[in-house]
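Let me begin by presenting the structure, written as structure tokens, before commenting on it.
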Amino acid sequence: NAGVMQNPRHLVRRRGQEARLRCSPMKGHSHVYWYRQLPEEGLKFMVYLQKENIIDESGMPKERFSAEFPKEGPSILRIQQVVRGDSAAYFCASSPTDSKVQPQHFGDGTRLSIL
Amino acid sequence: GQQVMQIPQYQHVQEGEDFTTYCNSSTTLSNIQWYKQRPGGHPVFLIQLVKSGEVKKQKRLTFQFGEAKKNSSLHITATQTTDVGTYFCAGPGGGNKLTFGTGTQLKVEL
């Protein structure tokens, strides 16, 4: 049973470009969460999605950031017009039901570097 | 909003010494989860506590949930180099998301 798959593992972009981060949840999991982690810091919640629906995006910046989890295919976190401050590790996690009673399973993350 | 703080932020120990990290929430939690993140790795679920005053053990690790369900602790007995990493607590943060604690980074020296 494959775990949470994220790609790419490392992504380098120049300022002003777009970054697309992909996440395939564990088989049987319909809940996906995105977190951002700066070096030496904790995990900051960004967005929570179920298939085709954004449930909670309270942690996501209002501009330049968007997320989707289509009926078919992986969840996508999209950052437009990237800036240096977007450099971070972005982790995706999934759970079979809401996380109040289930642990979250994390992917290996995407390390985004902005030149 | 809900805040989850952990102390200490960093801890260096000699191999064989004990280690404890404390987690405090600004609000009462229905449950608390603990995760470990190795350097360069991703968070890995360790355990979940649900009941007031609950204590659970995993080999050298002891997890405790406070009576008021606002705090928790993780104690490691006789640390080993394999224990190196950052330990996070996490609790339901409103809606269906988790609020992660600030983390305690453990370094173990031979």
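Note that the protein sequences, when read in sequence, are chains A and B. Anchor point for the first sequence: position 41 equals 41 in my numbering, and the numbering is continuous, going up by one each time. Anchor point for the second sequence: position 47 equals 1047 in my numbering, and the numbering is continuous, going up by one each time. Here a beta-carbon is modelled for each residue, glycine too, at the ideal position from N, C-alpha and C. Please read these numbers as outputs of a predicted model, since none were measured by experiment.
Chain B contact for residue 21(A) (CB, 8 Å cutoff): Walking along the first sequence from the start, residue 21(A) turns up at place 21. Closer than 8 Å: no.
How about residue 1063(B): is its C-beta nearer than 8 Å to some C-beta of chain A? Here residue 1063(B) refers to the residue found at position 63 of the second sequence. The beta carbon of residue 1063(B) sits no closer than 8 Å to any beta carbon of chain A.
Residue 102(A) versus residue 1017(B): straight-line alpha-carbon distance, rounded: Locating residue 102(A) in the first sequence gives position 102, counting from the first residue. Locating residue 1017(B) in the second sequence gives position 17, counting from the first residue. C-alpha separation (whole angstroms): 32 Å.
Tell me, which residues are paired with residue 1037(B) by DSSP? By 1-based counting over the second sequence, the position of residue 1037(B) is 37. The partner list for residue 1037(B) (beta bridge, DSSP) reads 1043(B) and 1086(B).
Counting only beta-carbon separations shorter than 8 Å, does residue 1085(B) have a partner in chain A? Your numbering for residue 1085(B) matches position 85 in the second sequence. No, its Cβ sits nowhere closer than 8 Å to a Cβ of chain A.
From which residue to which residue does the beta strand (DSSP E) around residue 46(A) run? What you label residue 46(A) is simply residue 46 of the first sequence in a count that begins at 1. Unbroken beta strand (DSSP E) run through residue 46(A): 43-50.
Figure out for me which residue from 1090(B), 1104(B), 1028(B) and 1076(B) has the closest Cα to the Cα of residue 1015(B). Along the second sequence, one-based indexing puts residue 1015(B) at 15. Taking only the C-alpha atoms, the option nearest residue 1015(B) is 1076(B).
For the segment 1004-1013 of chain B against the segment 1085-1104 of chain B, do three or more pairs of beta-carbon atoms, one drawn from each stretch, fall closer than 8 Å, so that the two count as touching? Two segments are said to touch when three or more pairs of C-beta atoms, one from each, lie closer than 8 Å; by this definition the segment 1004-1013 of chain B touches the segment 1085-1104 of chain B.
Which value, in whole angstroms, describes the spacing of the CA atoms of residue 56(A) and residue 32(A)? Translated into the one-based positions of the first sequence, residue 56(A) becomes position 56. Translated into the one-based positions of the first sequence, residue 32(A) becomes position 32. Distance between the alpha carbons of residue 56(A) and residue 32(A) is about 11 Å.
Rounded to whole angstroms, what's the CA-CA distance from residue 1106(B) to residue 78(A)? Just pull it up for me. Counted from its first residue, the second sequence places residue 1106(B) at position 106. Counted from its first residue, the first sequence places residue 78(A) at position 78. Approximately 33 Å between the Cα atoms of the pair.
Using three-state DSSP, classify residue 108(A) as helix, strand or coil. Position 108 of the first sequence, counted from the first residue, corresponds to residue 108(A). DSSP places residue 108(A) in coil when its eight states are reduced to three.
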